[in-house]
Amino acid sequence: MTPVNDRLDDLSGRFDNINLEEASEEIRRATLRINPLIALRPPPMFSGALGQNLEEWFVQFEHFMTLQGITPAQDNFRLAYLEANFSGAALASFRELKSSNAPPQTYDGYKNEMLHLYPIGRDSDLYQQHIYDRKQRFKETALEYVDDLKKIAASAFPDLNSNARHAIIKPIFLRGLQPTVREAIRFREFTDLSEATKAAAYAESQLARDNIDNHNATISNAVLHLETNKIRDLEEKLSNIQKQISKSNRRYCANCKTNMHSTEQCYYRNNNNNQRTNNGSQRPNCEICGRSNHGTNQCRSPCRNCGRTGHRTSQCRMPPRSGNIQNYNNYQSRELLCTCCYCPKHGAYSKSVQTRNEKSSGNLSRESDQQTKIDEKPQTILSPNQIAVDNLTVMLNSMEMDIESIEDKSVKDALEKHATNVKQTLSNLICEKST
66 MTPVNDRLDD LSGRFDNINL EEASEEIRRA TLRINPLIAL RPPPMFSGAL
116 GQNLEEWFVQ FEHFMTLQGI TPAQDNFRLA YLEANFSGAA LASFRELKSS
166 NAPPQTYDGY KNEMLHLYPI GRDSDLYQQH IYDRKQRFKE TALEYVDDLK
216 KIAASAFPDL NSNARHAIIK PIFLRGLQPT VREAIRFREF TDLSEATKAA
266 AYAESQLARD NIDNHNATIS NAVLHLETNK IRDLEEKLSN IQKQISKSNR
316 RYCANCKTNM HSTEQCYYRN NNNNQRTNNG SQRPNCEICG RSNHGTNQCR
366 SPCRNCGRTG HRTSQCRMPP RSGNIQNYNN YQSRELLCTC CYCPKHGAYS
416 KSVQTRNEKS SGNLSRESDQ QTKIDEKPQT ILSPNQIAVD NLTVMLNSME
466 MDIESIEDKS VKDALEKHAT NVKQTLSNLI CEKST
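Sequential numbering of the sequence shown, starting at 66, is according to our numbering.
Listed below in structure tokens is the structure:
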């Protein structure tokens, strides 16, 4: 046992010889070597506001001074640091103590006086009023609400244990919940605060899920409304096209192959060549020669320009003959409107341009008239409703592009079928007019 006792005596002698100031300095330097930024992190300033605990603040402040190398013997430095870290009401109280008739002389004296002015339970009555007035905010969850109530209860009831605080918090928590959550759990009874918190959190999750479903349903209804309006517009376009087709069809005579009157109004629908029709009305005059003994489709009067039948001289699209200056203006204005692919004029456009240039220069010869071959077949005049038919075709094409943008497959298929039928009807109408 002797070596052990000698060892203990040696350690006790070394401890007596240690200088506390040097030891604190070594500790401060070692700490700064490990983490140099610790010395730059003072505790938050104490202002004496609600929720601040002065006793806990003094623990952090003294630890900070130790890291700064301020020893307990350096009382003046400690007082200077203490005054520099007070603010607000706490700073006013400290300066009032300092300027009093009998101010404290040491750091510990100021510390005791400040703890006496700002005790731990000094704001318990204010916290109690605050906890009774506290309600759940709009975007605050039930868990966040109950955590805040627990923090306030710790300051409002510092002398009670956690179970007693939870018993006080439970009715306050249930009363301060959002109306929708409170309505969902109002018929349930809870034994403790944790059970009430779980029930409120579950009710919130269910309500959030219902809100998401309602939001999605609202969006779906809005999209369906837009699609319905779009479909209604497309159906209105289709109905307008059908009306135009039926209107154009009523103006087309299948007997005369013209658009001057409808089939029902045709005077020759029964192939009656008498002077009067079945209803006794007077037969109209021929629109080519002006006579009344035949119809327009039976007229054999040739064109004075090309010699063919079926049209007037003013409607002729052939190049004007030599000396027929009156028809030249009509030819010049209608030359580019010819759409007949069987017209003998096609393929000779450059020659007609050359002929027209010769005529304008006064050098027109009769050689062009001798080389021009006269076709005795009736010339087909472009129907006045052909432009309307072309417009209908363009509208159908644009409708097909609009139908492609619809996402509902059933509606899309129905509209495509409807548009195809209308387009087929329009094609049949065009074929009937061309025959």
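C-beta atoms are modelled at their ideal positions from N, C-alpha and C, and glycine is treated no differently.
Where residue i falls, given that 16 or more other Cβ within 10 Å makes a residue buried
{"i": "L208", "result": "exposed"}
{"i": "P384", "result": "buried"}
{"i": "N294", "result": "exposed"}
{"i": "R143", "result": "buried"}
{"i": "Q201", "result": "buried"}
{"i": "A265", "result": "buried"}
{"i": "F203", "result": "exposed"}
{"i": "F252", "result": "exposed"}
Residue i: first and last residue of the uninterrupted alpha helix (DSSP H) it sits in
{"i": "I196", "result": "189-198"}
{"i": "D212", "result": "207-221"}
{"i": "T245", "result": "244-249"}
{"i": "Y183", "result": "Here Y183 belongs to no alpha helix (DSSP H), and DSSP marks it neither H nor E."}
Residue i - DSSP class collapsed to helix/strand/coil
{"i": "F129", "result": "helix"}
{"i": "F111", "result": "strand"}
{"i": "Q419", "result": "Confidence at Q419 is low in this model, with a pLDDT of 48, below 50, so its placement is unreliable and the value that follows should be read with caution. Helix, per DSSP."}
{"i": "F159", "result": "helix"}
{"i": "F238", "result": "helix"}
{"i": "S152", "result": "coil"}
{"i": "K204", "result": "coil"}
{"i": "G134", "result": "coil"}
{"i": "C383", "result": "Reading off the sequence, residue 383 comes out as Met, not Cys. If DSSP states are grouped into helix, strand and coil, M383 belongs with coil."}
{"i": "L225", "result": "coil"}
{"i": "H231", "result": "helix"}
{"i": "N370", "result": "coil"}
{"i": "D275", "result": "helix"}
{"i": "D140", "result": "helix"}
{"i": "E260", "result": "helix"}
{"i": "Q444", "result": "Residue placement at Q444 is flagged as unreliable, the pLDDT there being 48, under the threshold of 50; a coordinate-derived value is accordingly withheld."}
{"i": "N486", "result": "helix"}
{"i": "T293", "result": "helix"}
{"i": "L491", "result": "helix"}
{"i": "G355", "result": "coil"}
{"i": "E472", "result": "coil"}
{"i": "N305", "result": "helix"}
{"i": "N362", "result": "coil"}
{"i": "T458", "result": "helix"}
{"i": "A167", "result": "coil"}
{"i": "E481", "result": "helix"}
{"i": "T283", "result": "helix"}
{"i": "E465", "result": "helix"}
7 Å Cβ cutoff met for residue i and residue j
{"i": "V211", "j": "T136", "result": "no"}
{"i": "L162", "j": "E148", "result": "no"}
{"i": "I250", "j": "A268", "result": "yes"}
{"i": "D140", "j": "Y172", "result": "yes"}
{"i": "P108", "j": "Q125", "result": "yes"}
{"i": "C364", "j": "C354", "result": "yes"}
Residue i at chain B interface by Cβ criterion, 7 Å
{"i": "T206", "result": "Reference to chain B is not applicable here, since this structure consists of a single protein chain."}
**Asked** Between the stretch 230-248 and the stretch 179-189, do three or more beta carbon pairs fall short of 8 Å?
**Response** no
**Asked** Counting pairs of beta carbons, one from the stretch 215-228 and one from the stretch 189-206, are three or more of them closer than 8 Å?
**Response** yes
**Segment contact, 8 Å Cβ cut-off, at least three pairs: the stretch 212-221 with the stretch 192-202** = yes
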